[in-house]
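Numbering (the UniProt record's numbering), first residue to last: 1 to 82.
For every residue, glycine included, the Cβ atom is placed at its ideal position computed from N, Cα and C.
1. For residue 18, which residues from the same chain have a beta carbon less than 8 Å from its beta carbon, with the 5 sequence-adjacent residues on both sides left out?
2. Going by beta-carbon coordinates alone, are residue 23 and residue 15 separated by less than 8 Å?
3. My output table needs one value for residue 32: the three-state DSSP class, helix, strand or coil.
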């Protein structure tokens, strides 16, 4: 955690690097970004999808007769086995 003296030094460095004129604009854009992030997080929590409420996981099994294609690997002589 940062103490008072560390925060003061950090503030002075930010003012020197960015300049006093750009500091309010930076704070305003950071506030907008935080507001957007907060509203998106709230929307995700209240989405209401059935999967989001911790329901039981579904197990999907292959139906009989499903075809699975595999690639053949080259043999010792360089030809593909079939």
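In short, the structure shows the following:
1. In the chain shown, the residue the question calls residue 18 occupies position 18. Once the five neighbours on either side are set aside, the close Cβ partners of residue 18 are 26.
2. Locating residue 23 in the chain shown gives position 23, where the first residue counts as 1. Locating residue 15 in the chain shown gives position 15, where the first residue counts as 1. When the beta-carbon positions are compared, residue 23 and residue 15 come within less than 8 Å of each other.
3. As a working mapping, residue 32 is identified with position 32 in the chain shown. If DSSP states are grouped into helix, strand and coil, residue 32 belongs with the helices.
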